[in-house]
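Residue numbers (the numbering used here): 15 to 154.
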């Protein structure tokens, strides 16, 4: 189980200069989209609806791969105790379809500064980290 208490993304859809604020942190560049999610803000209702208002979607598709396929299952995404929980079903053997979880941004990313506070699983064989992948010229 991957858990995160908060996530921040500042992305650029065009290249722009950034400045430094009085706190010493870089201000988001002009033309950027900022996303700062505190999962403790979720109290009840649909997790999907809450994440959607934050600029995040829950994945729901299958990936045929070797040695095992995996399917992103919306039910494996939850928010509990102020933390986002992404669950991978354990006990799979090669050839099994592994039920897992993924969330994505609702916007395309050219450049990003991502900060995540997370606790990762000690179970070998899981990808427990934020990552980007490229579709054409755009990072997602």
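Beta carbons are placed, not taken as given, at the ideal position from N, Cα and C, and that holds for glycine.
In this text the structure is predicted, and so the values were computed from the model without any measurement.
The stretch 113 to 120 in contact with the stretch 80 to 95 per 3-pair CB rule at 8 angstroms: yes
Within 10 angstroms of the Cβ of residue 137, are there 16 or more other Cβ atoms? Answer buried if so, exposed if not. Counting from 1 along the chain shown, the entry for residue 137 is found at position 123. It is exposed - the Cβ of residue 137 has fewer than 16 other Cβ atoms within 10 Å.
Please tell me whether residue 86 and residue 74 are closer than 7 angstroms, where the distance is taken between their beta carbons. Taking the first residue of the chain shown as 1, we reach residue 86 at position 72. Taking the first residue of the chain shown as 1, we reach residue 74 at position 60. For residue 86 and residue 74, yes; Cβs fall inside 7 angstroms.
Among 100, 122, 130, 96, the one whose alpha carbon lies nearest that of residue 11: Summary: the structure shown does not reach residue 11, with the chain confined to residues 15 through 154, and so no result is reported for it.
Please state whether DSSP places residue 120 in a helix, a strand or coil. Within the chain shown, the letter at position 106 stands for residue 120. Coil, per DSSP.
Look at the alpha carbon of residue 77 and the alpha carbon of residue 102, and state the distance between them as a whole number of angstroms. On the chain shown, residue 77 is found 63 positions in, with the first residue counted as 1. On the chain shown, residue 102 is found 88 positions in, with the first residue counted as 1. Approximately 14 angstroms, taken between the alpha carbons.
Tell me the rounded alpha-carbon separation between residue 120 and residue 66. Your numbering for residue 120 matches position 106 in the chain shown. Your numbering for residue 66 matches position 52 in the chain shown. Approximately 8 angstroms, taken between the alpha carbons.
Please tell me whether residue 69 and residue 49 are closer than 7 angstroms, where the distance is taken between their beta carbons. As a first step, residue 69 is located in the chain shown; it is residue number 55 there, counting from the start. As a first step, residue 49 is located in the chain shown; it is residue number 35 there, counting from the start. It is a contact, given that the beta carbons lie within the stated cut-off.
When the Cα of residue 133 is compared with those of 100, 81, 107, 54, which residue comes out closest? As a position in the chain shown, residue 133 is number 119, starting the count at 1. Taking only the C-alpha atoms, the option nearest residue 133 is 100.
Counting only the same chain and skipping the five closest in sequence on each side, list residues whose C-beta sits under 7 angstroms from that of residue 72. Taking the chain shown and counting its residues from 1, the one referred to as residue 72 is at position 58. Excluding residues within five positions, the ones whose Cβ falls inside 7 angstroms are 62, 65, 88, 91, 117.
In whole angstroms, what separates the C-alpha of residue 123 from that of residue 131? In the chain shown, counting from the first residue as 1, residue 123 sits at position 109. In the chain shown, counting from the first residue as 1, residue 131 sits at position 117. Approximately 20 angstroms, taken between the alpha carbons.
On a Cα-Cα basis, can you pick out the residue from 128, 46, 140, 129 that is closest to residue 106? If you number the chain shown from 1, residue 106 lands on position 92. Answer by Cα proximity: 140.
I'd like the list of long-range same chain contacts for residue 81, defined as Cβ closer than 6 angstroms, with 5 residues on each side in sequence excluded. By one-based count along the chain shown, residue 81 stands at place 67. Correct list, in chain order: 108.
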